[in-house]
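Participant:
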Amino acid sequence: GDSVTQMEGPVTLSEEAFLTINCTYTATGYPSLFWYVQYPGEGLQLLLKATKADDKGSNKGFEATYRKETTSFHLEKGSVQVSDSAVYFCALSDRAGGSQGNLIFGKGTKLSVKP
Amino acid sequence: NAGVTQTPKFQVLKTGQSMTLQCAQDMNHNSMYWYRQDPGMGLRLIYYSASEGTTDKGEVPNGYNVSRLNKREFSLRLESAAPSQTSVYFCASMLWGDYGYTFGSGTRLTVV
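So, in structure tokens, the structure goes:
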């Protein structure tokens, strides 16, 4: 079945460092891809999404490009801030079998940014 | 605009007790979902409702039941709680065609 694999954390960076969190997927069809962020004690929030190959999703300085040839959707940010400390989840939509788009999540990557 | 509202936020149960977790959304979304989040396991789908009047099992449905009461509300029931059900439970909803979920803030459940 469809699945998402993302790099294990925790990831610890200094403020203003470059961030990459790797995400690869396995899917039989053409899923949409997502990054969600979870701040401590809160629910998940949609960070960005891409619905077809070569699309780039972006939000709050974060970017990810849907790469069909490498089945990847890596999250990047050029200069992280302490406020970016959170858990990041990669996800894909499961549209097989007539479903309306159930999301399949990776296990999450915890990011800690030090001042 | 409240989004997705979950109640309660915290709950402690004794083994064997029952309870219902409530979820309501005010965005006129079609689909609703219940996930559990455990350390190192990510989010696992318990049940979902693609539309009002339908419910389906997800990855980990055992020990749970759900009710899609109307378009707004989707409840999760634990009939006989077990320590293995200690987790954080999230409700989410989605508008068809958007493929993005809106999550509630979660219910932290401890079964002792």
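Listed in order, the protein sequences are those of chains A and B.
Each position in the first sequence, counted from 1, maps to that position plus 548 in my numbering.
Each position in the second sequence, counted from 1, maps to that position plus 38 in my numbering.
Even for Gly, the Cβ is constructed at its ideal location relative to N, Cα and C.
From the DSSP secondary-structure annotation, give me the bridge partner or partners of Val661 of chain A.
Facilitator: A:Leu561
Participant: Taking the DSSP output, what are the residues bridged to Asp550 of chain A?
Facilitator: According to DSSP, Asp550 of chain A bridges with nothing at all.
Participant: Quick check on the burial criterion: 16 or more other C-beta atoms within 10 angstroms. Buried or exposed for Asp64 of chain B?
Facilitator: exposed
Participant: Within 8 Å, do at least three Cβ pairs link the stretch 591-604 of chain A to the stretch 549-567 of chain A?
Facilitator: no
Participant: By a C-beta neighbour count over all protein chains shown, 10 Å radius and 16 as the cutoff for buried, is Trp134 of chain B buried or exposed?
Facilitator: exposed
Participant: Please compile the residues from chain B whose C-beta is within a distance smaller than 9 Å of the C-beta of Gly577 of chain A.
Facilitator: Residues of chain B passing the Cβ test: none, with the nearest at roughly 13 Å.
Participant: Can you pull out the residues from the stretch 554-577 of chain A whose beta carbon lies closer than 8 Å to at least one beta carbon of chain B?
Facilitator: none
Participant: Quick check on Ala644 of chain A: does DSSP put it in helix, strand or coil?
Facilitator: For Ala644 of chain A, the predicted structure reports a pLDDT of 47, less than 50, and the residue's modelled location is therefore unreliable. A value from the coordinates is still provided. Of the three classes helix, strand and coil, the one that applies to Ala644 of chain A here is helix, per DSSP.
Participant: Let me see if you follow: with CB-CB separation under 8 Å, is Gly591 of chain A close to chain B or not?
Facilitator: Nearest CB-CB separation between Gly591 of chain A and chain B: below the 8 Å threshold.
Participant: Report the rounded CA-to-CA distance for Lys608 of chain A versus Glu117 of chain B, giving the unit in angstroms.
Facilitator: 42 Å
Participant: Kindly list the residues whose CB is nearer than 7 Å to the CB of Gly101 of chain B, restricted to its own chain and excluding five residues on each side of it in sequence; keep chain order.
Facilitator: Leu116, Ala120 and Gln123
Participant: Return the bridge partner residues of Thr574 of chain A from the DSSP annotation.
Facilitator: A:Ser551
Participant: Expressed to the nearest angstrom, what Euclidean distance is found between the alpha-carbon atoms of Phe128 of chain B and Pro663 of chain A?
Facilitator: 31 Å
Participant: What do you get for Tyr578 of chain A, buried or exposed, if any count of 16 or more other CB atoms within 10 angstroms of its CB means buried?
Facilitator: exposed
Participant: In chain order, what residues of the same chain lie with their CB nearer than 8 Å to the CB of Ser87 of chain B, ignoring the 5 residues before and after it?
Facilitator: Ser69, Met70, Tyr71, Thr93, Asp94, Val104, Arg106 and Phe112
Participant: Using beta-carbon positions only, say whether Val635 of chain A and Gly605 of chain A come within less than 8 Å of one another.
Facilitator: no
Participant: Could you check if Ser562 of chain A is buried or exposed, using at least 16 other CB atoms within 10 Å of its CB as the buried criterion?
Facilitator: exposed
Participant: May I ask you to list, following chain order, the residues of the stretch 80-101 of chain B that have a beta carbon less than 7 Å from some beta carbon of chain A?
Facilitator: Of all residues in the stretch 80-101 of chain B, Gly80, Leu81, Leu83, Tyr86 and Ala88 have a Cβ within less than 7 Å of some Cβ in chain A.
Participant: Residues in the stretch 123-145 of chain B with C-beta within 7 Å of chain A's C-beta atoms, listed in sequence order?
Facilitator: Phe128, Met132, Trp134, Tyr137, Gly138, Tyr139, Phe141, Gly142, Ser143 and Gly144
Participant: Drop a sphere of 10 angstroms on the beta-carbon of Phe637 of chain A, count the other beta-carbons inside from all chains shown, and report buried for 16 or more, exposed for fewer.
Facilitator: Phe637 of chain A is classed as buried because its beta carbon has at least 16 other beta carbons within 10 Å across all chains shown.
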